[in-house]
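The structure under discussion appears below in the form of structure tokens.
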């Protein structure tokens, strides 16, 4: 029995990756939740928005690399992030002007906007594929590990290693900064309060000194920033695949709904709930169990509850359970 | 101040407002009464920009305002309250009131980050104004409570406070007294009266409570079946045979005869 090694193995294969993944989902879900809260529809194009933002970051990173600009041990992508946000902001504001504005004016039902956003999703998806192609791209550079498995082993003398990649740490740190800035913005500034007021009671907001078009515009700007950061961090942590973002839409929405859609705090909690469930349920616990029990008890199988192919089923199942038993989500969001 | 000319509001075949014409004088408190379904709220919504009238005109100081959106009317100083009080439930009463004035410095992203000093000054002035408004309405003690958690009557006062934040010229009150207890109704009535006398507000209110109307309103406009049926002082209206027939019922008439005896 080796409790310490078991713990390290668990941390290495479950806690660390799930935390990074959770932070990415939380950022994605924040974007979905903001749109739902302020514009009152589920934006199915959000996954592709993340993809577009990440794509611009990838392109600008490549450009910077060819110019020899780098951030030393940090990935160059961080430097490209503002450009990605800017491009995505322009894309979203244009989409809003060309597409969504019309449906707002005719006061279209939310379900119609959902279908419209699905259309936007396909267009964005096509655009991204045309611009960058469908290949996998790795664009992380700089120092690969903060602590590598081997360093950890020599440091602690344990037989199990704990590797923490730079991108994972960056993901969590950037997510924390973004969330703190967002909450400060929503709770402390006049603009943020206007957004909350508009989300609380649209009729009344129209009868106050709140300019609805400006609220909508600023919402899209925030969503552009959140989506680009989420997409770029996801691509940085794994690799950039244009096709993955359509699949990512499900866990992102599950996170927003589980936490309580329309509630920013809920989106963050939801992101981590989904990420930890997904990673825990699809991890093969053989190693951990082997460390915990005597040698003779070592299991023959993988001790894996679900094959990783089914990881999306996890978010789907959680989504259904939450909708059945607590439709407003863990934190009180708007009911759907 | 407000002139409505031959206003029609049809919902499909149903004529909610069917050729109503009326004038609201500057500095008056006009009561709008009538049986349920007489078209009072539809008329209100047409004037306040929630509905676009089928035909007809609304003039504000001679300027045409027909079909303007609520926030456009807001900038002209025309405000309304709701039958069921509206509030930003997740914000405190103070924040609710601070939301009201338009064109604040902190509204643009640029100023949010780079105009901190100006925003701070502006907010200090706003806070002082909120304190003064709450004081006026005698609800200073609820300043820091969540607006979603205060009582129905307090919400109505908060709605009045909202109109005070921008020094409205013309305020439409939709059943401000509905579901409010007597004591609070007195406070609300008192606030309306003082706003009218001390600050020159013009009010137009839909109301069912005849006692409340009698205390505050002059003139009173009676609506029935989408049209204006009678206009006059509260006393005149209460003796008008046609109005008694259509709306007030014989109870009022009997009461009058009893008093005469």
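Chains as they are written, first to last, in the working numbering: chain A, 642 to 977; chain B, 311 to 571. We put the beta carbon where it would ideally sit given N, CA and C, even for glycine.
Candidates the options, of which the one nearest residue i by Cα
i, options, result
"residue 649 of chain A", "A:843, A:867, A:797", "A:797"
"residue 941 of chain A", "A:950, A:955, A:954, A:926", "A:926"
"residue 407 of chain B", "B:440, B:413, B:324, B:383", "B:440"
"residue 882 of chain A", "A:710, A:766, A:673", "A:766"
"residue 400 of chain B", "B:458, B:497, B:493", "B:458"
"residue 853 of chain A", "B:413, B:311, B:390, B:388", "B:413"
"residue 487 of chain B", "B:374, B:496, B:481, B:479", "B:496"
"residue 480 of chain B", "B:519, B:548, B:467, B:354", "B:354"
"residue 686 of chain A", "A:760, A:951, A:726, A:657", "A:760"
"residue 832 of chain A", "B:313, B:445, B:429", "B:429"
"residue 684 of chain A", "A:948, A:737, A:928, A:838", "A:737"
"residue 723 of chain A", "A:924, A:934, A:865", "A:865"
"residue 805 of chain A", "A:652, A:966, A:968", "A:652"
"residue 705 of chain A", "A:697, A:694, A:717", "A:717"
"residue 543 of chain B", "B:313, B:525, B:461", "B:525"
Paired residues, beta bridge with residue i - DSSP
i, result
"residue 455 of chain B", "None; residue 455 of chain B has no bridge partner."
"residue 542 of chain B", "B:530"
"residue 687 of chain A", "Paired residue(s): none; residue 687 of chain A is not in a bridge."
"residue 365 of chain B", "B:318"
"residue 373 of chain B", "B:370"
"residue 480 of chain B", "B:388, B:512"
"residue 348 of chain B", "None, per the DSSP bridge assignment."
"residue 945 of chain A", "A:925"
"residue 557 of chain B", "Partner(s): none; residue 557 of chain B has no beta bridge."
"residue 537 of chain B", "B:534"
Proximal residues of chain B, C-beta to C-beta of residue i below 9 Å
i, result
"residue 850 of chain A", "381, 384, 385, 409, 410, 411, 412, 413, 414, 417, 475, 476"
"residue 746 of chain A", "Simply none; closest approach about 11 Å."
"residue 855 of chain A", "417, 418"
9 Å Cβ cut-off: residues of chain A touching residue i
i, result
"residue 401 of chain B", "834, 837, 838, 841"
"residue 459 of chain B", "In chain order: nothing, as chain A lies at least about 13 Å away."
"residue 429 of chain B", "830, 831"
Where the alpha helix (DSSP H) containing residue i begins and where it ends
i, result
"residue 508 of chain B", "492-509"
"residue 958 of chain A", "952-966"
"residue 878 of chain A", "853-878"
"residue 844 of chain A", "843-847"
"residue 760 of chain A", "751-773"
"residue 819 of chain A", "807-829"
"residue 729 of chain A", "718-736"
Boundaries (first-last residue) of the beta strand (DSSP E) holding residue i
i, result
"residue 515 of chain B", "512-516"
"residue 396 of chain B", "Note, residue 396 of chain B: premise wrong, no beta strand (DSSP E); not H, not E."
"residue 659 of chain A", "Segment 657-680 is the alpha helix (DSSP H) holding residue 659 of chain A; no beta strand (DSSP E) there."
"residue 786 of chain A", "786-788"
"residue 324 of chain B", "324-334"
"residue 342 of chain B", "339-343"
Interface residues of chain B facing residue i [CB-CB closer than 8 Å]
i, result
"residue 859 of chain A", "419"
"residue 776 of chain A", "None at all; the shortest Cβ gap to chain B is about 36 Å."
"residue 906 of chain A", "The contacting residues do not exist; residue 906 of chain A stays about 12 Å from chain B at best."
Chain A residues whose Cβ lies nearer than 7 Å to that of residue i
i, result
"residue 422 of chain B", "830, 832"
"residue 485 of chain B", "In chain order: nothing, as chain A lies at least about 16 Å away."
Nearest-angstrom Cβ-Cβ length linking residue i and residue j, presumed shorter than 8 Å
i, j, result
"residue 893 of chain A", "residue 959 of chain A", "Actually they do not touch by this definition, with Cβ atoms about 13 Å apart."
"residue 398 of chain B", "residue 841 of chain A", "4 Å"
"residue 363 of chain B", "residue 848 of chain A", "Going by Cβ atoms, the distance from residue 363 of chain B to residue 848 of chain A rounds to 18 Å, so no, they are not a contact pair."
"residue 880 of chain A", "residue 777 of chain A", "5 Å"
"residue 913 of chain A", "residue 667 of chain A", "7 Å"
Chain-ordered chain A contacts of residue i [CB-CB under 8 Å]
i, result
"residue 390 of chain B", "848"
"residue 405 of chain B", "834"
Contact test: residue i Cβ vs the ligand SAH heavy atom, cutoff 7 Å
i, result
"residue 487 of chain B", "As presented, the structure is devoid of all ligands, the ligand SAH included, so that no description of it is given."
Contact set between residue i and chain B, taken where Cβ atoms lie within less than 7 Å
i, result
"residue 844 of chain A", "396"
> When you check each C-beta in the region 954-971 of chain A against every C-beta of chain E, which residues fall closer than 8 Å?
Replying inline: No chain E is part of this structure, whose protein chains are labelled A and B.
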